[in-house]
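In the numbering used here, the protein residues as written are 61 to 289. Yeah, the Cβ is synthetic: ideal placement off N, Cα and C, and Gly gets one too. Here's the structure we're looking at; comments come further down.
Right, here's the structure in full:
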């Protein structure tokens, strides 16, 4: 692959590689806390550190709880959700990964969950991922700059992020990183609307919408630094 072109494709684990479970879990947590789920809450919790998200909820909902207590409630709610809901790969994942590998792209997943969660739910696709295959971003949210510069030493236009959250879209825009937004199957999610407000150029419903011609167009825009223009 020629230099100065997109070389790495970074995929959010929850919402891109796997069907999103975070949105319904967070909505459930907010309801338990007596709040009303809204775009402001969703966008300030998704792809933020647990402590920042908990601190935001405490202020937003005027809670008398500590950050640790809110995080504990989230962990309990997540555990209960996973007992009754199966985590599934998103439609078209294998074909998409096959296409990326066949065309010389390096692929890495990232997210807040630990590596064991990645291996448990996406381990059957491990052959398509490079290096360690997964980066835990719990302590470097949203992680766009840290992944590109600190971990891989890339130029910003050498990486493509595909993510379902406005927090990552904002970071990608800040550094002019090629970006594709992806909507979840949850009708009550606000992330598509938030991406439209940010003027994200490319927002897809499925990985099946991203073919080689789509990526070639992004490659040209990355070369011209026009992905966000």
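Check: Curious, which full-length alpha helix (DSSP H) runs of at least 4 residues does the segment 170 to 208 contain?
Finding: 175 to 182
Item checked: Nearest candidate by alpha-carbon position, reference residue 233, set 167, 89, 258 -> Start at 1 with the first residue of the chain shown, and residue 233 comes out as number 173. That would be 258, whose Cα lies nearest to the Cα of residue 233.
Margin query: Less than 7 angstroms between C-beta atoms, sequence neighbours within five positions excluded: which residues of the same chain meet that for residue 211?
Written below: By 1-based counting over the chain shown, the position of residue 211 is 151. Cβ neighbours of residue 211 beyond the five flanking positions: 195.
Margin query: In this structure, how does DSSP classify residue 219 when only helix, strand and coil are distinguished?
Written below: Taking the chain shown and counting its residues from 1, the one referred to as residue 219 is at position 159. Correct three-state label for residue 219: strand.
Notebook entry, point to check: Using a Cβ-Cβ cut-off of 8 angstroms (strictly less than) and excluding sequence neighbours within five positions of residue 266, which residues of its own chain qualify?
Noted result: Numbered from its first residue, the chain shown carries residue 266 at position 206. Counting only Cβ-Cβ distances below 8 angstroms, and skipping sequence neighbours, we find 150, 151, 152, 242.
Notebook entry, point to check: Can the beta-carbon of residue 225 be found less than 8 angstroms from the beta-carbon of residue 107?
Noted result: Along the chain shown, read from residue 1 onward, the residue named residue 225 stands at position 165. Along the chain shown, read from residue 1 onward, the residue named residue 107 stands at position 47. Contact: yes.
Notebook entry, point to check: Along the chain, which unbroken stretches of the alpha helix (DSSP H) at least 4 residues long are found entirely within the segment 100 to 164?
Noted result: Along the segment 100 to 164, the alpha helix (DSSP H) occurs as fully enclosed runs of 4 or more residues at 110 to 121, 127 to 144, 153 to 162, listed in sequence order.
Notebook entry, point to check: Of all the options 109, 110, 89, which has the alpha carbon lying nearest to the alpha carbon of residue 121?
Noted result: Translated into positions along the chain shown, residue 121 becomes position 61. Checking every option, the nearest Cα to that of residue 121 belongs to 89.
Notebook entry, point to check: On the three-state DSSP scale, how would you describe residue 166?
Noted result: For the purposes of this step, residue 166 is taken as residue 106 along the chain shown, with counting starting at 1. Strand, per DSSP.
Next item on the list: Starting from the Cα of residue 72, find the closest Cα among 254, 190, 273, 169 and give me that residue.
Entry: Walking along the chain shown from the start, residue 72 turns up at place 12. Ranking the options by Cα distance to residue 72, first place goes to 169.
Next item on the list: Please state whether DSSP places residue 72 in a helix, a strand or coil.
Entry: Within the chain shown, residue 72 is the residue found at index 12, counting from 1. If DSSP states are grouped into helix, strand and coil, residue 72 belongs with the strands.
Item checked: Where the alpha helix (DSSP H) through residue 86 begins and ends -> On the chain shown, residue 86 is found 26 positions in, with the first residue counted as 1. DSSP places residue 86 inside the alpha helix (DSSP H), whose first and last residues are 82 to 92.
Check: Should residue 145 be flagged as near chain C, meaning a C-beta pair shorter than 8 angstroms?
Finding: The question asks about chain C, but that chain is absent: this structure has only one protein chain.
Item checked: Meets three-Cβ-pair contact criterion under 8 angstroms: the segment 83 to 103 and the segment 163 to 183 -> Because the criterion of three Cβ pairs below 8 angstroms is not met, the segment 83 to 103 and the segment 163 to 183 do not touch.
Next item on the list: Apply the 10 Å Cβ neighbour rule to residue 248 and answer buried if 16 or more other Cβ atoms are within range, or exposed otherwise.
Entry: Within the chain shown, residue 248 is the residue found at index 188, counting from 1. Label assigned to residue 248: exposed.
Check: Around the Cβ of residue 201, are there at least 16 other Cβ atoms within 10 angstroms (buried) or fewer (exposed)?
Finding: Position 141 of the chain shown, counted from the start, is the residue given in the question as residue 201. Residue 201 comes out buried.
Check: Based on the DSSP secondary-structure assignment, which residues constitute the bridge partners of residue 240?
Finding: What you label residue 240 is simply residue 180 of the chain shown in a count that begins at 1. For residue 240, which the question treats as bridged, DSSP gives the partners 222.
Margin query: Output needed for residue 254: all residues of its chain with C-beta closer than 7 angstroms, excluding positions within five of it in sequence on either side, in chain order.
Written below: One-based indexing of the chain shown puts residue 254 at position 194. Cβ within range, chain order: 99, 103, 226.
Checklist line | 6 angstroms Cβ shell around residue 117 - same chain, five flanking residues per side excluded | finding: Mapped onto the chain shown, residue 117 falls at position 57. 130, listed in sequence order.
Note to self: Distance check for residue 126 and residue 112, CA to CA, integer angstroms please.
What the structure shows: Along the chain shown, one-based indexing puts residue 112 at 52. Along the chain shown, one-based indexing puts residue 126 at 66. In a straight line, the C-alpha of residue 112 is about 12 angstroms away from that of residue 126.
Check: Hey, residue 109 and residue 198 are a contact pair by Cβ (cut 8 angstroms); roughly how many whole angstroms apart?
Finding: Your numbering for residue 109 matches position 49 in the chain shown. Your numbering for residue 198 matches position 138 in the chain shown. Their Cβ separation, rounded to whole angstroms, is 7 angstroms, which keeps residue 109 and residue 198 in contact under 8 angstroms.
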